[in-house]
Amino acid sequence: VFNALVPGNLTGNQFVTVPNFNPNIPGAAGTANLVYNPVDGLLYYRNQNGQVSIVAQVGSNLNIGSNNFEII
Numbered sequence: 111v112f113n114a115l116v117p118g119n120l121t122g123n124q125f126v127t128v129p130n131f132n133p134n135i136p137g138a139a140g141t142a143n144l145v146y147n148p149v150d151g152l153l154y155y156r157n158q159n160g161q162v163s164i165v166a167q168v169g170s171n172l173n174i175g176s177n178n179f180e181i182i
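Every number in the working numbering is 110 more than the matching position in the sequence shown, counting from 1.
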C-alpha cells in the first residue's frame, strides 16, 4: 500500500510539515510522501501517483520530523 516508501529511516525530503495542508493541492508538499498538518494533527501519505490519503491523527502542533519515523 505504501509503495512510495522503503523500509528504514525516512530521508529529509520524504517528510514535510505543511500547516493547513489541503490534500486536493498536494503540490504544497513538494516531493514528500508523508505530510504532517500541525493545525489539525493529521498525517497524510502521498503515493507515487500523487494520490493523498490520511493515515493517522497524531496530535496538533507536535515537534516531529523525518527522524521520528521508521518504515518497517
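Where a beta carbon is used, it is the ideal one built from N, C-alpha and C, also for glycine. Since we're looking at a predicted model, the values are computed, not measured.
One alpha carbon belongs to Ser176, the other to Asn143, and they sit about 11 Å apart. Within the stretch 141-172, the beta strand (DSSP E) runs of at least 3 residues that lie entirely inside it are, in chain order, 144-147, 152-156 and 162-167. In this structure, Val145 sits near Val126, with a CB-CB distance shorter than 8 Å.
Distance from the CA atom of Ala138 to the CA atom of Asn159, rounded to whole angstroms, is 15 Å.
Beta-carbon to beta-carbon, Val168 and Tyr155 are separated by about 13 Å, too far to satisfy the 8 Å threshold. Just so you know, the alpha carbons of Asp150 and Asn130 end up roughly 8 Å apart.
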